[in-house]
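Trainee: Can you read through this structure? Questions will come right after.
2 protein chains.
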Amino acid sequence: MTEAKRPRVPREKAQEIILNAAEELFYQEGIHAVSVDAIVERAGMNKMSVYRQFSSKTDLILAYMTRKQDVFWQEWEESIAKHPKRPREQIIQFFADLAERATNEQFRGCCFINVAVEFPDPIHPVRELVCSHQKRIRDAFLERTTALGASNPCELAYTLILLMEGTYADSQTYGTDSAAIRMVPAIVEKVLDQAIQN
Amino acid sequence: MTEAKRPRVPREKAQEIILNAAEELFYQEGIHAVSVDAIVERAGMNKMSVYRQFSSKTDLILAYMTRKQDVFWQEWEESIAKHPKRPREQIIQFFADLAERATNEQFRGCCFINVAVEFPDPIHPVRELVCSHQKRIRDAFLERTTALGASNPCELAYTLILLMEGTYADSQTYGTDSAAIRMVPAIVEKVLDQAIQN
DNA sequence: TAAGTTTGTTACTGAGTAGTAACAAAACGT
DNA sequence: ACGTTTTGTTACTACTCAGTAACAAACTTA
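Line by line, the protein sequences are chains D and R.
Here our numbering is used: position 73 in the first sequence is 73, and no number is missing along the way.
Here our numbering is used: position 31 in the second sequence is 1031, and no number is missing along the way.
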């Protein structure tokens, strides 16, 4: 009998494979609902390969969130880049793209809010990441509403953030069929118009 | 040695004690994070007393949600009742009261969205309850925006729903310190004014 | 080729999970 | 008082979880 081969995967590659599996499962199923074993199986790897890269499940969660954070800002930049130096169109575009994503079958809302829901303890490490991310979002919106020349950039920024978070939340319940999400771009347009007027 | 007494609690009373404990724990800690044993301990009761009233943990969750549903409509009615036959003030009042609650230390967002986050499976029984509740909310808003005489009652209703869900979400990250939530009543006022104007 | 390092594999620990069986004690109906 | 129903208590099943120990196999460097 010939012995079966045992191909090896270097740690860099292994880390990516594991994170890919973790990302899909954590986002789709939720954190508490997904065991490390489930991630191991999905990744087609070994449990020790996970714990040699990540010291704990919490560590894995943080890596997952960091990755999602990068994705968010990448999408943000993409929407912004479609209309250089035109804040109004940039903001509308962002919400149009968001609405597009939010009506996708795979969409499961904002992963940061989702994590916050599952980890109520305010001093838990994952919460700090959520909080810092939300602050960066606020700053980004505020910067755009200021560039827009809104009469009250701060209030407008918060309005947009609420609408964004509302869109995320709505997708959780209605999914592909949300009439509210389909209206989001038009709603944002109206809000922007009013904010510039006076 | 005298034997310790064993005072008994009738099932109706027991059910309420259990639900009180479940409500606090489920809402504060999340569903998956709370074990039936934890609820039993919190209620100061026995495990069998729980499983004789509720056939499963899912059953308990459904009872918890039904109770929260009642609370929501009670709060809704209270806000509405403060300004009889004045839709504009009724809506503003609802958001003012919501903002008040949302900046409370104990507030942990919308329990229905929270449940949806923890139960992604769309055919899970708890999801049906979430969905039906969202639909009732939509109808209630639509009825008020229609009474208001908005030029586009449907769009306004969805705008308000997004703002409401955004408020819930925001409280999860910023809690007591949310500048966005403090601005909500003013934001809603502006949105309403614009919706009536043309 | 030889020694050291990294990865794969198996088996395990200890703790927690939802849910149940069996019986004892209390309350209730008659 | 007596039998029935309801409730309290203990102990249990079968399972899942995060995390680890120990060793074997593969790769790397010298």
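Glycine included, each C-beta is placed from N, C-alpha and C at the ideal position.
This one's a predicted model, so the numbers in the text were calculated from it and none came from an experiment.
At a Cβ threshold of 9 Å, is L1098(R) touching chain D?
Mentor: no
Trainee: So, are the CB atoms of T1159(R) and M65(D) less than 9 Å apart?
Mentor: Not a contact, by the Cβ cut-off of 9 Å.
Trainee: Measure the alpha-carbon distance for G109(D) versus H83(D) and round it to whole angstroms.
Mentor: 26 Å
Trainee: Leaving aside the five residues before and after A1116(R) along the sequence, list all residues of the same chain whose C-beta is less than 7 Å from its C-beta, in chain order.
Mentor: R1127 and V1130
Trainee: Which same chain residues end up closer than 6 Å to T146(D) when comparing Cβ atoms and leaving out the 5 residues on each side of it in sequence?
Mentor: P153
Trainee: For N1046(R), is the classification buried or exposed, using 16 other Cβ atoms within 10 angstroms of its Cβ as the cut-off for buried?
Mentor: exposed
Trainee: Specify the secondary structure class of Q199(D) as computed by DSSP and reduced to three states.
Mentor: Coverage of chain D is limited to positions 1 through 198, which leaves residue 199(D) absent and any answer about it impossible.
Trainee: Look at the alpha carbon of A38(D) and the alpha carbon of A22(D), and state the distance between them as a whole number of angstroms.
Mentor: 9 Å
Trainee: If you drop the 5 nearest sequence neighbours on each side, which residues of the same chain put their C-beta closer than 8 Å to that of D121(D)?
Mentor: R127
Trainee: Hey, A169(D) and G1166(R): beta-carbon distance below 9 Å or not?
Mentor: yes
Trainee: Relative to the alpha-carbon of R52(D), which residue among A33(D), P10(D), L148(D) and R88(D) has its alpha-carbon at the smallest distance?
Mentor: P10(D)
Trainee: If you run the structure through DSSP and keep just helix, strand and coil, what is N1114(R)?
Mentor: helix
Trainee: What's the C-alpha gap between I1187(R) and V188(D)?
Mentor: 13 Å
Trainee: Can you list, in chain order, the residues of its chain whose CB lies under 8 Å from that of R67(D), leaving out five sequence neighbours each side?
Mentor: L19 and E23.
Trainee: From Q172(D) to E77(D), what does the alpha carbon distance come to, in whole angstroms?
Mentor: Cα-Cα distance, rounded: 25 Å.
Trainee: Count the other CB atoms, across all protein chains shown, that sit within 10 Å of the CB of S1055(R); report buried if there are 16 or more and exposed otherwise.
Mentor: exposed
Trainee: N20(D) by DSSP, collapsed to three states: which one?
Mentor: helix
Trainee: Confirm, please, whether the CB-CB distance from L25(D) to R42(D) is below 9 Å.
Mentor: yes
Trainee: Between the Cα of R1101(R) and the Cα atoms of I1161(R), E1143(R) and F1072(R), which residue gives the shortest distance?
Mentor: F1072(R)
Trainee: Of the residues E1118(R), A1014(R) and Q1090(R), which one's Cα is nearest the Cα of M1048(R)?
Mentor: A1014(R)
Trainee: In chain order, which continuous runs of the beta strand (DSSP E) of length 3 or greater are located wholly inside the region 1132-1186 of chain R?
Mentor: none
Trainee: Rounding to the nearest angstrom, what Cα-Cα distance links L1060(R) and F1112(R) in this structure?
Mentor: 15 Å
Trainee: Note down, in chain order, each residue of its chain lying with its Cβ closer than 7 Å to the Cβ of R1138(R), except the 5 sequence neighbours on either side.
Mentor: Contacts found: A1157 and I1161.
Trainee: Return no unless some Cβ of chain D is closer than 9 Å to the Cβ of F1026(R).
Mentor: no
Trainee: If the cut is a Cβ gap below 7 Å, which residues of chain D does N1114(R) touch?
Mentor: V117
Trainee: In three-state DSSP terms, what is T1066(R)?
Mentor: helix
Trainee: Could you tell me if G30(D) is buried or exposed, where buried requires 16 or more neighbouring beta carbons within 10 angstroms of its beta carbon?
Mentor: buried
Trainee: For E29(D), name the three-state secondary structure that DSSP assigns.
Mentor: helix
Trainee: Please work out which residues of its chain come closer than 8 Å, Cβ to Cβ, to V191(D), disregarding the five sequence neighbours upstream and downstream, and give them in chain order.
Mentor: L156, T159, L160 and L163
Trainee: Which residues in the same chain as G149(D) place their Cβ atom closer than 7 Å to its Cβ, once the five residues preceding and following it in sequence are excluded?
Mentor: I196
Trainee: Alpha helix (DSSP H) containing M48(D): first to last residue?
Mentor: K47 to Y51
Trainee: Find the nearest neighbour of H1133(R) within the set Y174(D), F141(D) and S79(D), judged by alpha-carbon distance.
Mentor: Y174(D)
Trainee: Relative to the C-alpha of E143(D), which candidate in Y27(D), E105(D) and P87(D) has its C-alpha closest?
Mentor: P87(D)
Trainee: Please work out which residues of its chain come closer than 7 Å, Cβ to Cβ, to Q1028(R), disregarding the five sequence neighbours upstream and downstream, and give them in chain order.
Mentor: R1108
Trainee: Could you give the first and the last residue of the continuous alpha helix (DSSP H) run that contains I39(D)?
Mentor: V36 to A43
Trainee: Going along chain R, which residues have a C-beta under 9 Å from R108(D)?
Mentor: Among the residues of chain R, those whose CB is under 9 Å from the CB of R108(D) are V1117 and P1120, following chain order.
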